[in-house]
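Scroll down for the structure; my scribbles are underneath it.
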DNA sequence: GTTAAAACGGTAAACGATTACAGTAGTTTT
DNA sequence: AAAACTACTGTAATCGTTTACCGTTTTAAC
């Protein structure tokens, strides 16, 4: 019987001298006689009994496991989301089954397939930011799904929790305008090349535009320009990826265009570091000659000199809120999309236009 | 029947005109007649049938899920391990159930408890680096466990996959010695205060010493000093935590001791950044006055000026190797501890002693 | 063509829980 | 004191698989 192996409910019941139904009821919070409660509790303790989740799940009850698909795990953005999600999940005695789609559509697809056979109550999902990220019908077998960190335009049928990236673009630009800058360059970042031949303006009208955070930021940039009656100049837009070297390259790109600019809005603090590095190498002073705005408020922004002015977005909170929204959905509560605010953090990489 | 709900094996069997045992055997790679294979395959396709993992696990077969406990997820070190582990797991059609112990013993304990009720085939586990991290008997219900990123001394009964941190300490120190430095300060980092009243020397003899990577590095530091016949000076040791500010503080600490030093070995690139920041503010030139060595070879090391000389450790590989070791263990293969090499990456924060 | 052996398929009994249903106390009502 | 509830508890069916066991078919051997 109790041959060192894992105890079952039947053994608990036998030891407590009750039926297994009683044990089950006790564990599920259904009222049983206090006298029996004690006996059951004692038996569970003595055997160190832990219910078998697999057996529970087979009857369709909750598995207390949430699937989570993120485009990467190494980026501080996503690891903070994950940390927030796991911590919130633990509060509800849930666990997170995690996978990285590595920013690739086909891997994402594989993962969805893999997860659909796993024991999860549903999914918290950040679709890859590539134009072809569309969810096939029935992929999720009507599991509850929360989409995290993407604007709701692309998948209107799902519930979303996301940062107000458009507002982030607006805040950046508006702040620079308030400092007197007029020629504000916009560095858009994409993980993969997008709309090769098209202008960024045209990209805005693509059906999947909402998955690209840089496009959201760009909308905010346009909002601010319009509000301030500053004309949009497509020559001030540079497209690059998200790394340090990409920032360096993008800065070189802009310099090679030989047009005047007095500030740059970037899509990430890492890119901003690259930009600063290149501009300085050309003898351009930050912020006196050019103001630079980062995005994300990563640790690096307060390590480098000058410290970066940036847009702070609370990724940890995004993870927490996603789990909360997920559980609300699971409990059948009506819920609407949740937008998290971003805020401007002023440091030393921006200054008044002289 | 097929009311839009999830199809079961029985439905597949019915549609294929075979018994459910045959379907099961097909799915488990047991040979059945080619004729039936086709019929079953067709039925599975048509119904888009996916086996129910919960039902499978109940019979004790593999769940293809690996539990993973890490002290944090936001640190680039651990997120790289996780990324490596998830990618390797996916290759074997496994998934990772992840939790962060937040560097706290009690949370770690809760997670182990929580995981022991979950459907996992075993655990890849990085114990928190605090002196009280000891695994209780029977915590894992004889699940297979791989310990990752810690030296094997503390938990000799488990299998380990870890970086050769002692070699890292040796490489750093040896390199500085080869540049002609003699007064090499050692900055030890701990997530939590350790051995309050004791010297670091005494800490080495603590029973749980192996979980502290800085202690391993320190051993390497001593190895190198001894080899070069340079006398150890306890005044050159500073204890701090792992952050940028901790590096700043530690540098101030050292300066306040008013003793000569010509190089510093740190426990992390982030700390090294703080050190550089403080020293420079005091008019000390890096590397001409003092050489600084980071640890970990994080992205930030090649962003700041001067770019950091550092010890590279492949955390992604650590994750990959951990999963490999785990699967070997699961398959009953005899295996020994796996040590991953680290290597010195020379950049601009170190130079010859003038 | 008969017989023995091998290969495979089907039936049914697990696995460890949840839960409908029926049964047995104990309590209240008349 | 009998009847009608109430409040539990226990029995057994059930979830979707795997797998031992037995029976049938196929193949090989003579």
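Residue numbers (the working numbering), protein chains in the order written: chain S, 1 to 354; chain F, 1001 to 1354. Just so you know, even glycine gets a beta-carbon here, dropped at the ideal spot from N, CA and C. This one's a predicted model, so the numbers in the text were calculated from it and none came from an experiment.
Local Cβ density within 10 Å of residue i, reported as buried at 16 or more and exposed below that
{"i": "residue 352 of chain S", "result": "exposed"}
{"i": "residue 1015 of chain F", "result": "buried"}
{"i": "residue 1013 of chain F", "result": "buried"}
{"i": "residue 1001 of chain F", "result": "Confidence in residue 1001 of chain F is poor, its pLDDT being 37 and thus under 50, which makes the residue's placement too unreliable to answer from."}
{"i": "residue 1054 of chain F", "result": "buried"}
{"i": "residue 1315 of chain F", "result": "buried"}
{"i": "residue 1282 of chain F", "result": "exposed"}
{"i": "residue 1309 of chain F", "result": "buried"}
{"i": "residue 79 of chain S", "result": "buried"}
{"i": "residue 3 of chain S", "result": "Its pLDDT being 49, under 50, residue 3 of chain S is placed unreliably in this model, and the value from its coordinates should be taken loosely. Classification of residue 3 of chain S: exposed, given that the 10 Å Cβ count is below 16."}
{"i": "residue 207 of chain S", "result": "exposed"}
{"i": "residue 1005 of chain F", "result": "exposed"}
{"i": "residue 1189 of chain F", "result": "buried"}
{"i": "residue 232 of chain S", "result": "exposed"}
{"i": "residue 1150 of chain F", "result": "buried"}
{"i": "residue 1332 of chain F", "result": "exposed"}
{"i": "residue 278 of chain S", "result": "buried"}
Neighbourhood of residue i by C-beta distance below 7 Å, restricted to the same chain and skipping five residues each side
{"i": "residue 1111 of chain F", "result": "1069, 1099 and 1101"}
{"i": "residue 1141 of chain F", "result": "1116"}
{"i": "residue 1096 of chain F", "result": "1066, 1068, 1085, 1086 and 1089"}
{"i": "residue 1104 of chain F", "result": "1128"}
{"i": "residue 1093 of chain F", "result": "1064"}
{"i": "residue 1199 of chain F", "result": "1234"}
{"i": "residue 1324 of chain F", "result": "1088"}
{"i": "residue 180 of chain S", "result": "352 and 353"}
{"i": "residue 1327 of chain F", "result": "1092"}
Residue i - partner residues in DSSP beta bridges
{"i": "residue 95 of chain S", "result": "S/65"}
{"i": "residue 1162 of chain F", "result": "F/1339"}
{"i": "residue 296 of chain S", "result": "S/312"}
{"i": "residue 1170 of chain F", "result": "None, per the DSSP bridge assignment."}
{"i": "residue 996 of chain F", "result": "Absent from the model: residue 996 of chain F. The displayed extent of chain F is 1001 to 1354, so no value can be given."}
{"i": "residue 148 of chain S", "result": "S/161"}
{"i": "residue 1344 of chain F", "result": "F/1311"}
{"i": "residue 1187 of chain F", "result": "F/1238"}
{"i": "residue 265 of chain S", "result": "S/186 and S/293"}
{"i": "residue 199 of chain S", "result": "DSSP lists no partner for residue 199 of chain S."}
{"i": "residue 1005 of chain F", "result": "The partner list for residue 1005 of chain F (beta bridge, DSSP) is empty, contrary to what the question assumes."}
{"i": "residue 100 of chain S", "result": "S/70"}
Supposed close pair residue i, residue j - CB separation, criterion 8 Å
{"i": "residue 354 of chain S", "j": "residue 164 of chain S", "result": "The Cβ separation is near 32 Å, so there is no contact."}
{"i": "residue 1342 of chain F", "j": "residue 1313 of chain F", "result": "5 Å"}
{"i": "residue 1194 of chain F", "j": "residue 1131 of chain F", "result": "7 Å"}
{"i": "residue 253 of chain S", "j": "residue 238 of chain S", "result": "5 Å"}
{"i": "residue 258 of chain S", "j": "residue 187 of chain S", "result": "At roughly 17 Å, the Cβ-Cβ gap does not stay under 8 Å, so residue 258 of chain S and residue 187 of chain S are not in contact."}
{"i": "residue 161 of chain S", "j": "residue 318 of chain S", "result": "6 Å"}
{"i": "residue 83 of chain S", "j": "residue 1072 of chain F", "result": "7 Å"}
{"i": "residue 1148 of chain F", "j": "residue 1126 of chain F", "result": "5 Å"}
Same chain only: Cβ atoms within 6 Å of residue i, ignoring 5 sequence neighbours per side
{"i": "residue 1260 of chain F", "result": "1183"}
{"i": "residue 287 of chain S", "result": "349, 350 and 351"}
{"i": "residue 1044 of chain F", "result": "1012"}
{"i": "residue 301 of chain S", "result": "269, 294, 308 and 310"}
{"i": "residue 1209 of chain F", "result": "1215"}
{"i": "residue 108 of chain S", "result": "101 and 128"}
{"i": "residue 1244 of chain F", "result": "1270, 1273 and 1274"}
{"i": "residue 1192 of chain F", "result": "1130"}
{"i": "residue 297 of chain S", "result": "310, 312 and 345"}
Same chain, Cβ closer than 8 Å to residue i, neighbours up to 5 away in sequence not counted
{"i": "residue 1176 of chain F", "result": "1184, 1263, 1265, 1291, 1293 and 1350"}
{"i": "residue 51 of chain S", "result": "9 and 27"}
{"i": "residue 17 of chain S", "result": "39"}
{"i": "residue 355 of chain S", "result": "Only positions 1 to 354 of chain S appear in the structure, and residue 355 of chain S is not among them; the question remains open."}
{"i": "residue 1336 of chain F", "result": "1159"}
{"i": "residue 42 of chain S", "result": "16"}
{"i": "residue 1304 of chain F", "result": "1273 and 1276"}
Exercise. Identify every run of the alpha helix (DSSP H) within the stretch 208 to 243 of chain S, keeping only runs that are complete inside it and at least 4 residues long; order them along the chain.
Key: 213 to 227
Exercise. Report the residue ranges of all beta strand (DSSP E) runs contained in full by the stretch 17 to 59 of chain S; include only those spanning at least 3 residues, in chain order.
Key: none
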